[in-house]
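Okay, structure first, notes after.
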Amino acid sequence: MPDSLPTDSVGIVSPQTYHFETPIELACGQALESYDLVVETYGELNADASNAVLICHALSGHHHAAGYHSMDERKPGWWDSCIGPGKPIDTNRFFVVSLNNLGGCHGSTGPSSTNPATGKPYGPDFPVITVSDWVKSQALLADRLGIECWAAVVGGSLGGMQAMQWSLDFPDRLRHSVVIASTPRLTAQNIAFNEVARQAITSDREFHDGRYYDFGALPRRGLMLARMVGHITYLSDASMGEKFGRELRDQAYKFGYDAEFQVESYLRYQGERFSESFDANTYLLMTRALDYFDPAYEFGGDLSRALAPANCEFLVVSFSTDWRFTPARSEEMVNAMIAARKKVSYAEVDAPWGHDAFLIPTPRYTDIFNAYMDRVAREVGA
Amino acid sequence: MRPDLEIIQQWIKPGHHVLDLGCGDGTLLDYLQRERGASGFGLEINPEHITSCMGRGVAVIEQNLDTQGLGNFDDSSFDVVLMTQALQAVRRPDRVLDEMLRVGREGIVTFPNFAHWRLRWGLSLSGRMPESEALPYKWYNTPNIRLCTFKDFEALCRQKGIRIKSRRVVDGQHQNSWLARLWPNLLGEIAIYRITREKEQ
Chain A
1 MPDSLPTDSV GIVSPQTYHF ETPIELACGQ ALESYDLVVE TYGELNADAS NAVLICHALS
61 GHHHAAGYHS MDERKPGWWD SCIGPGKPID TNRFFVVSLN NLGGCHGSTG PSSTNPATGK
121 PYGPDFPVIT VSDWVKSQAL LADRLGIECW AAVVGGSLGG MQAMQWSLDF PDRLRHSVVI
181 ASTPRLTAQN IAFNEVARQA ITSDREFHDG RYYDFGALPR RGLMLARMVG HITYLSDASM
241 GEKFGRELRD QAYKFGYDAE FQVESYLRYQ GERFSESFDA NTYLLMTRAL DYFDPAYEFG
301 GDLSRALAPA NCEFLVVSFS TDWRFTPARS EEMVNAMIAA RKKVSYAEVD APWGHDAFLI
361 PTPRYTDIFN AYMDRVAREV GA
Chain B
1 MRPDLEIIQQ WIKPGHHVLD LGCGDGTLLD YLQRERGASG FGLEINPEHI TSCMGRGVAV
61 IEQNLDTQGL GNFDDSSFDV VLMTQALQAV RRPDRVLDEM LRVGREGIVT FPNFAHWRLR
121 WGLSLSGRMP ESEALPYKWY NTPNIRLCTF KDFEALCRQK GIRIKSRRVV DGQHQNSWLA
181 RLWPNLLGEI AIYRITREKE Q
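Residue numbers (the working numbering), protein chains in the order written: chain A, 1 to 382; chain B, 1 to 201.
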């Protein structure tokens, strides 16, 4: 895209692949004998390795969080609005690490990778991964990078779940957990949406029980439908209304079932683009990880007991029109942190964009994020 | 350090867990954390104040006392619940006092005295709603919707069985003058009350 790079961009970046040979035990009981993680970093690690910030990605995210891969790239990384010189996660001060999680489809080992045992893609044989598994693999990555303790682990949505899980699984390896537009567990409605998405994928004729790679096929329609459903839940009624209203593509009704309304063609377009770049098995895996996340489960539903080991400070942010992970879900988390006597700050940001608001800079959100991260930077001497 | 905050901090012990209702920009909690080794939370609704708290490392929760109350805090989960210059701005100060002493063992409350001589004088002479340093608003835009006098507050405490452990009366500059001590309801502009439930301690 850019003719010249914006001054607050991290610029041209390139991902690196880290290969791990030691097997990783997973929550499902299986292990991955060896695996790759694809990682991008921005900024410089300081001498005492105290200024590292881990960015955890959401459902369809990956390692490319900021900057551009080339001058031809149309859009920057998915969280470019918040990562860069002078931005809340200021790369002049922090060393930022972003990765593609295990099970992903952007270079890290996942269902589309070759299974060393068979020489074919894993497909449905790829083990189900949980949020805890991701955190474990991220800790191994931190070891590799020489980072004993993160200044902060930061994430939105599914990324926020990882930021929270970090505080429970490795309480002494992070100073701050920043949990944005997230939830301590999915509601039945959330799981229902995920199930519709999975059914759309698995009922596609091209899915072949997840072995579509072997058939040279791709369940594109299923993945497109899954993304369309998801996409609707990430926006708000008001933001869709503002963007599309009931606008027609042509002047009049055609009394048929083609995409007549602008919103229909937008959803179809988004779904199609997504189905070309994302792996269907990864989508199944990521939505399942969302469903399973529930740190309170082992503690009879008592989240404050689950939070007992946490040692970090928390920042929790929700958005007023987010109906996928409502402010009430964040408040539930905050109240459990209060009951567990953890240090937590919370704000509900008034923004019209639904769940997606966490990717869009609004003045109040930026102010909060700036103030908090500035203080984190001062604390670690960055 | 503002003299009223100076007085308040004397009542906070190291390690005390403190809740500050309407904590503003976090000045008091920040001071109590650094100087008194206290921990705790501030509740606030003003976005700029919330951001300031976050910037200085004060744990702040966006929470509206009028609409949300303190239902998310357990009984006796704080050593001290503070409320400086906010009692007059909540819809039901009586209920807030109950809640303060439910979640905290002790409460510290400060508010402006509507019976201060200058306010009495202003109202009687001009026949218009008085303004002062402690109450620097017009009647129509003031956040202070439940003005009371020291006598009113103490009557409410008696009625509720709330024990007043101590009271310091200061003027608008938060000075502790001997005259104000002598005739508090007439000469005191701001009072700092330290309260607890009747049966405790």
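In this text, a Cβ means the ideal position worked out from N, Cα and C, and glycines have one as well.
Of all residues in the region 326-349 of chain A, only E331, V334, N335, I338, A339, R341, K343, V344, S345, Y346, A347, E348 place a beta-carbon less than 8 Å from a beta-carbon of chain B.
For A191 of chain B, the enclosing beta strand (DSSP E) has its first and last residue at 190-197. Runs of the beta strand (DSSP E) spanning 3 or more residues and lying entirely within the region 19-102 of chain B occur at 39-44, 60-62, 78-84, in chain order.
For N101 of chain A, same chain residues with a beta-carbon under 6 Å away, outside a window of 5 residues either side, are W134 in chain order. A direct Cα-to-Cα measurement between S345 of chain A and Q33 of chain B gives close to 15 Å. Here the C-alpha atom of T22 of chain A lies approximately 44 Å from the C-alpha atom of R364 of chain A.
For V96 of chain A, the three-state secondary structure derived from DSSP is strand. Counting along the chain, the unbroken beta strand (DSSP E) around L315 of chain A starts and ends at 313-319.
Note that the region 209-229 of chain A does not touch the region 303-315 of chain A; fewer than 3 beta-carbon pairs, one per stretch, sit closer than 8 Å.
Contact of I368 of chain A with chain B by beta-carbon distance below 8 Å involves I50, T51, M54. Using a Cβ-Cβ cut-off of 7 Å, E62 of chain B is close to Y346, A347, E348 of chain A, given in chain order.
If you ignore the 5 residues before and after V10 of chain A, its C-beta comes within less than 7 Å of the C-beta of Y42, A66, G67, I83, G84, T91, all in its own chain and listed in chain order.
Listed in chain order, the non-local C-beta contacts of D25 of chain B below 6 Å within the same chain comprise H49, S52, local neighbours out to five positions each way being set aside. Closest in alpha carbon position to A339 of chain A, among B:G40, B:G55, B:P14, is B:G40. Of the residues assessed, E242 of chain A falls on the exposed side of the cut-off, its CB having fewer than 16 other CB atoms within 10 angstroms.
Linking M286 of chain A to L140 of chain A through their CA atoms gives a straight-line distance of about 20 Å. Counting along the chain, the unbroken alpha helix (DSSP H) around R288 of chain A starts and ends at 280-292. Taking the beta carbon of A371 of chain A as reference, the chain B residues within 8 Å of it are T51, S52, M54, G55, listed in sequence order. Just measuring C-alpha positions, the residue of A:N190, A:A238, A:T282 sitting nearest G210 of chain A is A:T282. Q165 of chain A has its alpha-carbon roughly 25 Å from the corresponding atom of A382 of chain A. In this structure, DSSP gives W166 of chain A a helical state, which the three-state scheme calls helix.
The contact set of R364 of chain A on chain B, defined by CB atoms closer than 7 Å, consists of P47 in chain order. Looking at A:L315, A:L359, A:P327, A:M337, the one whose alpha-carbon comes closest to that of M373 of chain A is A:L315. Chain order gives the chain A residues near D74 of chain B as A339, where near means a beta carbon separation below 7 Å. The region 180-199 of chain A makes no contact with the region 267-274 of chain A; the number of CB pairs closer than 8 Å stays below 3.
Under the three-state reduction of DSSP output, W150 of chain A falls in the strand class.
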